[in-house]
Structures are given as structure tokens and as C-alpha cells.
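Scroll down for the structure; my scribbles are underneath it.
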Amino acid sequence: MISSLNPVPTLPEPLGPHKVGTTEWEIPISEISSPSLSPDPQISTIKFRIFYPTTSEVSSKGFVPWLPNPQRAWSEAYASFLGASPRLSFFFARFPFFLNYTDLPAVGDAPLLPRERTSQYPVVVFSHGLGGNLNTYSAICTSLASFGIVCVAPEHRDGSAPITFIRSADGTTTSIDYQKHPHTPTHEVLTSRNAQLRIRLWELEQLYTVLKSLNAGDKTFTNYAVEDKQDNSTAQSKSPSWKDKLDLRPGRVTWAGHSFGACTMVQFVKSVYYHQSMPSLKGTPYENDLDWRPLYKPSSNSDLVDQITPESPIALLDLWAMPLRAEQTKWLWDKPLPCYDRKAEDTNKAAPNVVAIVTAEFYNHTELLNRMRAALSPDPAAAMAKLEEQSTSHQDSQEERQELTETTAFSTALSKTETSTPDNIDLESDSSSSTPDSSSVPSRASSPGPVVNSEGSTPASSTTSIPSTSNNSVTDLSSSKTALALPWYPKLYLIPSSAHLSQSDFGLLFPRLVRYLTKAEDPEETIALNVRAILSMMRGSGLDVEPYKKQQHATKNTKVKAKKTAATTDVGGEKDDKDEEDDILTDGCTEKRFIPVPLVH
1 MISSLNPVPT LPEPLGPHKV GTTEWEIPIS EISSPSLSPD PQISTIKFRI FYPTTSEVSS
61 KGFVPWLPNP QRAWSEAYAS FLGASPRLSF FFARFPFFLN YTDLPAVGDA PLLPRERTSQ
121 YPVVVFSHGL GGNLNTYSAI CTSLASFGIV CVAPEHRDGS APITFIRSAD GTTTSIDYQK
181 HPHTPTHEVL TSRNAQLRIR LWELEQLYTV LKSLNAGDKT FTNYAVEDKQ DNSTAQSKSP
241 SWKDKLDLRP GRVTWAGHSF GACTMVQFVK SVYYHQSMPS LKGTPYENDL DWRPLYKPSS
301 NSDLVDQITP ESPIALLDLW AMPLRAEQTK WLWDKPLPCY DRKAEDTNKA APNVVAIVTA
361 EFYNHTELLN RMRAALSPDP AAAMAKLEEQ STSHQDSQEE RQELTETTAF STALSKTETS
421 TPDNIDLESD SSSSTPDSSS VPSRASSPGP VVNSEGSTPA SSTTSIPSTS NNSVTDLSSS
481 KTALALPWYP KLYLIPSSAH LSQSDFGLLF PRLVRYLTKA EDPEETIALN VRAILSMMRG
541 SGLDVEPYKK QQHATKNTKV KAKKTAATTD VGGEKDDKDE EDDILTDGCT EKRFIPVPLV
601 H
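Dropping the structure here:
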């Protein structure tokens, strides 16, 4: 009762058995050994936050504010981002804001939990979407860390954050404001998004180089994020040592992101993997056009070339695929994710190493869903052509359904979202998009049996359990048995009654507002489902991640509540882990809010 009356928004405790520590870094790029030059001379540092498991004895006094400093500037920036006028934003920032008192669910600069196993900690790099920063996905990042993962969240300086500050050695700061672009896929918009992606991909290279150096222990970096500017080395000593702690072997780093962050990871992984396949512009009208430069090209001896392999785990939350369709990067769009190059001998018993999750809000926009499904398919260009043809053939029925549902509460809520929050949910305005009522979103209970193709073969039910009642045509499009979805192919899942913001901290901090605008339900369970899917994918990829155990969690009023256990590396006890393995990515999953969506094979 007391907590319900507390006006300060709070974030839930992480789901896993361990407490979580966190530390912030801002490193001058002059100290990073990288051959790549900054795409923007104003960007002189890279900034990121690390979430990691810590000991159970750690003090909880190391509170870390969720709203970064300077908080007044961030409050004003968020108000402007949400559509307030400059005068109103200035006025809003002058009053105490409840978010000023919200803390991350982690302890600042806590010690790293000693790892008794011989292996090193698995690493996840998580890229934020529009309106995000290094803190806005702390619910997911801390929960991953609580299962024995080191999660690294960069803050991108591409103009996608409401504001970001760049520190310098003398203590002064400069800022980069949010860049507002339309969501229509015009040439100008796609070129602008490419410019942002060029910065993001360069930042990921810098970040990976730093992680390699921290793990090797061969270099000490200046950290502008520490409070003690007079004695940087003393302040750094409070942060954990990362020497020999990170599993950075080839194909072992997990690349994850939300919305524009998911788009970033797709372009990054494919740019590295296909770096030798870039088409030559010599002799073309674009030979000297700077907009046609590669978004990112690693050097031939780059550690990233070895890191990105067909085995690299990838987690994509509400993948915003519109920026992937720029003319300048069409050659990259046409190529599949590296996972489709997995060797036959390695896939006999292989689990999927790419998992994508779509919220109901994105699912109900046909163009968004189709682009997402195409990007995950083995032939994105052909898949997109099939989906566009199918959408055209169903247009009349969709329009008829729209007339029947345009007065429903769900449609009204979506209309409010589109008019009141034009940029903060990464939604582009598409004339082909539709916003049906919630009855059009499939449920596991209403799903029919697997679709049988013309050859009499039955694809895995994990890619076919979608009812025909959905306005988006998501039936199996296989034309032959050779095109069937194999068990190790990427998997796409839908979480009904969820919003785009439900995959970030905003859905947890403002649950009533998000529910009013989008009819999203149970934000804690939505986060838990996302975390469980990522954990299961990583474990299936052979990473040493502690399992999600259902008996550690109680369901009360359909909300997942974590029951904290002793923070120890002995996760097995006297029971068999195999009996407790999470079945969320298997055909045996019974979660009503986790529905498989087929791809185009």
C-alpha cells in the first residue's frame, strides 16, 4: 500500500539470483587503439555503462540515479523530446521532477562477483533506440546481469538520445541535441538515418576495442565519468578489474538492441561479416558521393572480423527495419544474417542463435512487421517482395476491417499515441499501416495446428502457431520442403498486450500512462519474457549463463515476482538443471503471452 502511494517511479529488482553492480565509463577516443576516425569531430569520447553480477554482501548505499546528470538539462530535453515547446520545457525542468529520485536497480561501483567456474563472463552489448541513453534499458540489462552476464550499454552520440553530454579533460562539457527526422522512408530521411548509423557502428567498434583492452589488462583508460577529477586513478580503483573476466572469444559476444538499436545491431553484424563483399563505386555516379561511403568497414586485421561469425548470438527487440532499406545500403539489405551460414555439421542439434521479439504495437502495423520478418529471413529481398504482394492482395479486407474497428478502445489508444508521441516510439507513418483492435492479435490458446505445405511436410510449430484471424498475413509462405524453417533458424515471437515502450524502462516507470495510451498490460511480465528469451537463446548457443528457474519466481495477479536466492555460483543444488530449463523458445512453451510468428523461407 505504501509503495503504491509513493510518487517516485521505481524499477523492479532484477529477476536473477545475484545482486547487480554497475559502473559508468567515458573514455577519450584518443586513448583507444583503433584505425577508424570519428565520423563526427565533435564526438571525442565514447560513453557506456556496464552492468554485472556482484556479491550478496555488497552495501546498497551506492545509489545510481536513473536520470543522468545534469538532471535539469535531461528533464528539459525529455520534455522537448515528448513535444513540449522550448518555453514549456524550460519551465518544466525548473521544478523538482519525480524521476530525479528514481535509482537504477543496481549498486554503483560494486565489486564483481568472483567466478568460481573456469569460464569467463558472457558479454551482451545492448544498443538503445530513439529517446534512449545508457540507462533507459536498465530493467533488461540488470536482469541479464543477475544471471551471470556482463551487459554493456553504450550511449550513442548520433542525435538519437534526447541530449547527450561529452566531457573533456579540463572538466568542460559540450552537448549533442536530439535530431528529429520524419518517419517516412524518403531518400532524405534514409540518408539521415544512415548518417546516424555510421556514428553508431563506429561507436560499437570503439567499445569492443575498449572491452578487449580491459579484458587483456594491458591498458589503463582515463574515465571522465568518475567524480574524482583530481585523482582519476584513485577513483578508477573503486571500479572492478576486468582482466581475464570477459568471454570475448570469436562468436561469443551477444549483440542486442531495441528498435533503432536493433536496427543498429543488424547493420553492424552484417557490415562486419560481409566487409569483403562491399560493391565498388568506381566508375559510378556515386564514386565521390560521401553519402555512399560504407556505413562501416573494419580493417582486415580487426578483432571484430574474428568476433562476428555465423555463431554470433543476436537479440532484436522490436526491430525497426525501415532504416535498413536505404538505396545506399541495398546490397547489405539483400544479404541474410550471418547465422544462415552456419555449417551443416554444427546445426544438427543446434538451437537458434538469433531471437527477435515484437510487441503488439509493432505487430499491428503491417509495414513494420513485414520489414522485420523480411530482415530475419534467408532472402530478405525476396521475402519483402512476397510480403508486399500479400499485403496488396489483402488490402481490401484490411480496409473493411479497419472500418469495423476504428471506434474501438485499442484503435483510439493507438491514435492518441501517434498524435502525442511522434518520435519516442520509433514509429514511421505508413499509409499501409493499420491499427486493429486487440482481438486481431493472436493468442497461444487460439492458435491452430501447424501449417502443412504442399509437399506434406510440417514446419516446426515454433514458426507456424499463428491464427488466421490476424489482420497481418503471417501464414507459412514456404513453396517447397527445401524452404522449411530449420530448428536453428532465427525465431520471431509476439508478446500480446504490449507496447513499444514496454521493452524499455519507460513501460515500468509509467505503467498507467502506457496502458492508457496503448492498452499494454503487465510491464514486469513483458520485461521478464524478453529476458527469458535472451537467456534461453544464449544458453542454447553454448554460453555459460545461469538458467531462469520457474520455482524461483511466483506469479501473483499475473505479475512475475522474483524471489531472491542466495547469490552463489552453485546454481544447481541437489536438483537437475535440465528439469528446470526454461522452455520459452521450445515447442513445449505454454506461455500465453509469447506467441511464435513465422518468417518467410
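For the sequence shown, full-length UniProt numbering gives the first residue as 1, with consecutive numbering after it. Heads up, the beta-carbon is just placed ideally off N, CA and C, and yes, glycines get one too.
Using only the alpha-carbon positions, how far apart do residue 311 and residue 209 sit? Here residue 311 refers to the residue found at position 311 of the sequence shown. Here residue 209 refers to the residue found at position 209 of the sequence shown. Residue 311 and residue 209: Cα-Cα distance of roughly 20 angstroms.
Given residue 332 as reference, the closest of 540, 542, 272, 536 once Cα atoms are compared: Residue numbering aside, residue 332 sits at position 332 when the sequence shown is read from its first letter. Out of 540, 542, 272, 536, 272 has the C-alpha closest to the C-alpha of residue 332.
Write down every uninterrupted run of the beta strand (DSSP E) in the segment 142 to 219 whose length is 3 residues or greater and which is fully enclosed by it, in chain order. 150 to 155, 163 to 167, 173 to 177
Thinking residue 335 and residue 274 are a contact (beta carbons under 8 angstroms), I'd like their distance in whole angstroms, please. Here the question's residue 335 lines up with position 335 in the sequence shown. Here the question's residue 274 lines up with position 274 in the sequence shown. Right, their Cβ atoms sit about 6 angstroms apart.
Residue burial classification, residue 290 (beta-carbon count within 10 angstroms, cutoff 16): The residue labelled residue 290 in the question sits at position 290 within the sequence shown. Classification for residue 290: exposed.
What is the DSSP secondary structure of residue 28, reduced to helix, strand or coil? Along the sequence shown, one-based indexing puts residue 28 at 28. Of the three classes helix, strand and coil, the one that applies to residue 28 here is strand, per DSSP.
Return helix, strand or coil for residue 519, following the three-state DSSP convention. For the purposes of this step, residue 519 is taken as the residue at position 519 of the sequence shown. Coil.
Pull up the DSSP beta-bridge partners for residue 272, would you. Numbered from 1 along the sequence shown, position 272 holds the residue referred to as residue 272. Per DSSP, none; premise fails for residue 272.
Verify whether the separation of the beta carbon atoms of residue 317 and residue 268 is less than 8 angstroms. By one-based count along the sequence shown, residue 317 stands at place 317. By one-based count along the sequence shown, residue 268 stands at place 268. The answer is no: Cβ separation not under 8 angstroms.
Assess contact between the segment 16 to 23 and the segment 51 to 61, defined as three or more Cβ pairs (one per stretch) separated by less than 8 angstroms. Is contact present? yes
Quick one, which of 597, 326, 77, 598 has its alpha-carbon nearest residue 184's? In the sequence shown, counting from the first residue as 1, residue 184 sits at position 184. For the residues 597, 326, 77, 598, the minimum Cα distance to residue 184 belongs to 326.
Going by the beta-carbon positions, is the gap between residue 128 and residue 137 smaller than 8 angstroms? The residue given as residue 128 occupies position 128 in the sequence shown. The residue given as residue 137 occupies position 137 in the sequence shown. Yes, they are a contact pair.
For the segment 517 to 533 against the segment 380 to 396, do three or more pairs of beta-carbon atoms, one drawn from each stretch, fall closer than 8 angstroms, so that the two count as touching? no
Check whether the Cβ of residue 56 lies closer than 8 angstroms to any Cβ atom in chain B. No chain B appears in the structure shown, which is made up of a single protein chain.
Strand pairing of residue 254, partner residues [DSSP]: As a first step, residue 254 is located in the sequence shown; it is residue number 254 there, counting from the start. Per DSSP, 124.
Rounding to the nearest angstrom, what Cα-Cα distance links residue 592 and residue 357 in this structure? Position 592 of the sequence shown, counted from the start, is the residue given in the question as residue 592. Position 357 of the sequence shown, counted from the start, is the residue given in the question as residue 357. Answer to the nearest angstrom: the Cα atoms are 14 angstroms apart.
Report the three-state DSSP secondary structure of residue 15 (helix, strand or coil). The sequence position of residue 15 within the sequence shown is 15, counting from 1. Coil, per DSSP.
Neighbourhood of residue 278 by C-beta, 6 angstroms cutoff - its chain only, sequence neighbours within 5 removed: The residue given as residue 278 occupies position 278 in the sequence shown. Excluding residues within five positions, the ones whose Cβ falls inside 6 angstroms are 294.
Terminal residues of the continuous beta strand (DSSP E) containing residue 596? Numbered from 1 along the sequence shown, position 596 holds the residue referred to as residue 596. First-last of the beta strand (DSSP E) with residue 596: 595 to 597.
Rounded C-alpha distance that separates residue 375 from residue 256: Position 375 of the sequence shown, counted from the start, is the residue given in the question as residue 375. Position 256 of the sequence shown, counted from the start, is the residue given in the question as residue 256. One C-alpha to the other measures close to 15 angstroms.
Figure out for me which residue from 143, 254, 108 has the closest Cα to the Cα of residue 240. Here the question's residue 240 lines up with position 240 in the sequence shown. It is 108 whose Cα lies nearest to the Cα of residue 240.
How about the segment 173 to 180 and the segment 243 to 251: do they share at least three Cβ pairs that are nearer than 8 angstroms? no
Pull up the distance between the alpha-carbon of residue 499 and that of residue 285, whole angstroms please. Reading the sequence shown from its first residue, position 499 is the one you call residue 499. Reading the sequence shown from its first residue, position 285 is the one you call residue 285. The straight-line gap from Cα to Cα measures roughly 43 angstroms.
Please list, in chain order, all residues of the same chain as residue 152 whose beta carbon is under 6 angstroms from its beta carbon, the five residues on each side excluded. Walking along the sequence shown from the start, residue 152 turns up at place 152. These residues qualify, in order along the chain: 48, 50, 125.
Taking the CB atoms as reference points, tell me whether residue 197 and residue 264 lie closer together than 8 angstroms. Working through the sequence shown from its first residue, we reach residue 197 at position 197. Working through the sequence shown from its first residue, we reach residue 264 at position 264. Cβ distance < 8 angstroms, so residue 197 and residue 264 count as in contact.
Reference residue 598; option with closest CA among 338, 251, 442: Residue mapping note: residue 598 aligns to position 598 of the sequence shown, counting from 1. Comparing Cα-Cα distances from residue 598 to each of 338, 251, 442, the minimum goes to 442.
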